[in-house]
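Asker: Chains as they are written, first to last, in this note's numbering: chain E, 85 to 467; chain X, 85 to 467. From the three backbone atoms N, C-alpha and C, an ideal C-beta is built for every residue, glycine too. The model shown is predicted, which means the values in this text are computed figures rather than measured ones. Take a look at this one; I'll ask things after.
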């Protein structure tokens with residue numbers, strides 16, 4: 085069975101395991117079962133017509149006496165590119181806008197308050213080629229680009245916060261960044277969050293195109309909760325998640341683009357660990373499909389030059405602070421994952437596990453400050 | 085199916101999934117397949133006679149031109165208590181010594197260079213009771229306790245590093261600590277590592293008995309590699325793993341005692357995330373069985389007083405820096421997990437993924453230093 089034919093872990097388990105064992109397997113793998121969300125018939129039908137997967141789940145919190153529930157609905161969208169990578173750039177971008185427009189419309193039918201797209205969603209993930217042209221032409225202004233304008237329209241139309249990760253061109257100095265634009269449900273650009281950690285691994289030649297982000301660990305206070313965006317490779321860095329959480333994030337999005345051979349076994353681990361460790365929700369989003377490029381390129385692995393990056397395996401999911409998670413979207417299809425979460429769960433789990441209180445952060449601040457100095461003496465005991 | 089009857093995730097998957105799908109499911113769940121280790125017949129027979137599970141796996145690294153492989157074998161031991169919790173203390177400790185002695189002998193037959201026992205391995209995990217007596221009588225001196233002497237004998241006899249997590253009584257001030265004693269293969273006490281983070285969750289009333297450790301993030305340079313010990317609840321704190329790694333740890337042991345209802349879905353996530361994030365091996369060890377106490381106690385959950393803590397689910401495993409992991413030991417039986425690892429893999433994966441280089445630690449040191457101040461202003465953007 086080729087990796088790109090394997091539809092999803094959950095489907096395999098559900099097809100073959102006897103019921104009692106399935107319940108135990110799921111408990112160990114996913115934690116407390118995430119209830120399925122009833123989605124409106126019109127949404128289910130539209131998703132089917134528009135040929136994308138639609139799944140919905142709910143994370144509940146316990147009722148409290150002094151606070152009402154803070155239930156919101158988040159939408160994660162994963163998709164393949166629409167046109168071939170050698171189609172005219174404007175056509176590619178327009179086709180992607182159009183595709184996402186029809187998915188976001190379904191998200192709106194499902195009552196989604198906040199939607200996040202995948203990393204550099206308007207373009208193929210062309211950084212494997214190391215060609216500057218034509219790919220840097222996909223870069224857009226955060227404030228005035230057509231993609232931001234498109235997202236502002238969606239935000240206003242559907243009263244929805246939109247997180248739109250793009251390739252950014254900062255106009256004054258013509259610098260490029262890998263940036264998530266955060267648009268309020270009023271349609272205003274709340275701000276941007278640039279990718280903090282840039283990979284140099286396999287075909288991920290992104291350091292050829294842009295540098296480490298300079299926006300720190302900004303958190304955005306939206307009407308529906310405090311959110312942050314940890315882009316792609318930043319999920320491998322526990323300190324990155326942690327610092328967003330230290331700044332108050334209740335939901336951390338992780339828009340990504342990653343392929344099976346490289347990272348798939350790590351995918352279910354890292355965002356979920358971050359949700360557990362930081363008493364927050366995390367939302368991991370990955371693109372799907374295989375993208376073919378006209379020019380061949382090598383992957384630094386001694387193998388022959390080739391024209392594609394491998395299979396982007398989708399599998400987008402949401403993890404909760406109690407260690408539970410939703411099943412993933414498909415490994416092969418466009419999809420919308422709608423997740424209702426009661427943000428009260430974060431504080432409830434914090435009160436239960438108390439990682440922020442038992443974390444001894446002041447001591448780590450001291451230790452880390454020492455550890456980054458050139459004269460750092462590691463604490464190593466020898467016989 | 086009751087949680088304590090479910091033997092292991094792997095067994096369920098292997099019994100029911102068709103071969104081709106099983107391969108994909110295992111790839112997604114466990115990463116690159118960990119080869120089974122051929123263990124000597126005498127060891128397999130002895131384990132069977134002595135009624136404990138014996139499993140062996142191997143993590144390989146690529147050959148290098150300038151460095152020979154650094155293959156070592158690590159043994160993880162999980163076990164239930166031997167005598168009832170109301171037996172005389174000395175009898176309980178002696179019975180546990182005797183039980184571990186016969187498991188370590190099998191580890192020696194398997195060529196194990198380094199063994200680690202579970203948290204406070206000489207005693208029941210009695211901290212749920214909140215009774216001081218008789219449990220504090222299990223505490224021993226790191227330097228002169230009978231358990232350390234017992235481990236020193238094992239270490240010399242088998243030329244094996246022994247990590248022995250005990251309840252420590254520091255003699256001068258009669259203070260208690262949750263401490264791992266690290267004994268060199270020469271039989272010398274290399275030093276100790278005290279539990280850095282103390283839980284206050286569910287039945288884990290450990291903060292009633294001992295305080296946060298004061299030994300920092302000490303790493304022990306043994307003949308077989310640089311090791312560190314992150315005890316139990318410390319695995320929920322990514323900074324704890326990280327700081328051991330910053331001090332040079334190649335293998336981080338996580339001797340634990342944890343129960344199904346509380347933590348089981350988090351168990352496969354946290355130590356494995358630490359191996360990935362820190363380019364090192366991690367070894368998670370949990371006790372097995374249900375321990376009954378004479379006095380009843382409550383669990384702070386509104387439920388009736390009762391006499392046991394719940395089921396300790398074993399499931400000890402080793403995770404590698406490439407994101408792969410071994411299957412777990414059983415959820416219900418005593419067991420020895422023998423893992424051969426080539427420590428060269430750590431640097432190879434670091435060269436591939438480069439988290440330590442892309443980690444921007446100097447910036448985190450500054451941010452964290454600010455974040456722990458009382459006048460910290462979180463970076464929150466509002467509309």
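1) Please list the partners that residue 305 of chain E has in chain X, where partner means a Cβ-to-Cβ separation under 9 Å.
2) Rounded to whole angstroms, what's the CA-CA distance from residue 215 of chain E to residue 182 of chain E? Just pull it up for me.
3) Is the closest heavy atom of the ligand ATP to the C-beta of residue 251 of chain E under 8 Å?
4) Against chain X, with Cβ distances strictly below 9 Å, would residue 295 of chain E count as a contact?
5) Curious, which full-length beta strand (DSSP E) runs of at least 3 residues does the region 300-366 of chain X contain?
6) Is it a yes or a no for the region 264-277 of chain X touching the region 243-253 of chain X, going by three-plus beta-carbon pairs under 8 Å?
7) Provide the residue span of the alpha helix (DSSP H) that contains residue 231 of chain X, from first to last.
8) Would you check if the distance between the CB atom of residue 420 of chain X and the CB atom of residue 401 of chain X is smaller than 9 Å?
9) Cα-Cα, which of E:450, E:434, E:418 is closest to residue 132 of chain E?
10) Which one or two residues does DSSP pair with residue 261 of chain X in a beta bridge?
11) Report the residue ranges of all alpha helix (DSSP H) runs contained in full by the region 117-159 of chain E; include only those spanning at least 4 residues, in chain order.
12) With contact counted as at least three CB pairs below 8 Å, one residue from each stretch, are the region 428-446 of chain E and the region 375-388 of chain E in contact?
13) Using a Cβ-Cβ cut-off of 9 Å, state whether residue 353 of chain E counts as contacting chain X.
14) Going by C-alpha distance, which of E:250, E:258, E:237 is nearest residue 270 of chain E?
15) Looking at the structure shown, is residue 373 of chain E part of a helix, part of a strand, or coil, going by DSSP?
16) Does any CB atom of chain E fall closer than 9 Å to the CB of residue 97 of chain X?
17) Assuming residue 390 of chain E is part of the beta strand (DSSP E), what are its boundary residues?
18) Please tell me whether residue 150 of chain X has its Cβ less than 9 Å away from any Cβ of chain E.
19) Quick one: any contact between the region 175-192 of chain X and the region 389-397 of chain X, if contact means 3 or more CB pairs under 8 Å?
20) Just by C-beta distance, which residues in the region 432-443 of chain E are closer than 9 Å to chain X?
21) What residues are listed by DSSP as bridge partners for residue 397 of chain E?
22) Candidates E:259, E:362, E:361: which alpha carbon is nearest residue 297 of chain E's?
23) Chain X partners of residue 408 of chain E, CB-CB under 8 Å?
24) The region 229-249 of chain X: which residues have C-beta closer than 9 Å to a C-beta of chain E, in chain order?
25) How many whole angstroms separate the CB atoms of residue 193 of chain X and residue 283 of chain X, which I take to be in contact at a CB cut-off of 8 Å?
26) Check the Cβ of residue 310 of chain E against every Cβ in chain X and list those closer than 8 Å, keeping chain order.
27) Decide if residue 386 of chain E is buried, meaning its Cβ has at least 16 other Cβ atoms within 10 Å, or exposed.
28) I'd like to check one pair, residue 315 of chain X with residue 279 of chain X: are the Cβ atoms closer than 9 Å?
29) Could you spell out where the alpha helix (DSSP H) holding residue 113 of chain X opens and where it closes?
30) Hey, is residue 302 of chain X's beta-carbon within less than 9 Å of any beta-carbon in chain E?
31) Let me check understanding here. Comparing Cα to Cα, which of E:451, E:225, E:273 lies closest to residue 255 of chain E?
32) With DSSP as the reference, identify every bridge partner of residue 162 of chain E, one or two as the case may be.
33) Residue 301 of chain X and residue 463 of chain E: beta carbons closer than 9 Å?
34) Please check the pair residue 453 of chain X and residue 449 of chain E, which I expect to be a contact at CB under 8 Å, by giving their CB distance rounded to whole angstroms.
35) Can you pull the chain E neighbours of residue 280 of chain X, defined as C-beta to C-beta under 8 Å?
36) If we cut at 9 Å on Cβ distances, does residue 317 of chain X have a partner in chain E?
Answerer: With the structure as the only source:
1) 464, 465, 466, 467
2) 27 Å
3) This structure does not include the ligand ATP; it has no bound ligands of any sort.
4) no
5) Fully enclosed beta strand (DSSP E) runs of no fewer than 3 residues occupy 303-306, 309-313, 335-340 of the region 300-366 of chain X, in order along the chain.
6) yes
7) 230-242
8) no
9) Closest in C-alpha terms to residue 132 of chain E, from the list E:450, E:434, E:418, comes E:418.
10) X:252
11) 125-133
12) no
13) yes
14) For the residues E:250, E:258, E:237, the minimum Cα distance to residue 270 of chain E belongs to E:237.
15) strand
16) At a cut-off of 9 Å, the C-beta of residue 97 of chain X has a neighbouring C-beta in chain E.
17) 390-392
18) For residue 150 of chain X, not one C-beta of chain E is nearer than 9 Å to its own C-beta.
19) Contact fails: fewer than three Cβ-Cβ distances are below 8 Å.
20) Those would be 436, 437, 438, 439, 441, 442, 443, in chain order.
21) Paired residues: E:372.
22) With distances taken between CA atoms, residue 297 of chain E lies nearest to E:259 out of E:259, E:362, E:361.
23) 349
24) none
25) At roughly 36 Å, the Cβ-Cβ gap does not stay under 8 Å, so residue 193 of chain X and residue 283 of chain X are not in contact.
26) 464
27) exposed
28) yes
29) 103-114
30) yes
31) E:225
32) E:419
33) yes
34) 4 Å
35) 444
36) yes
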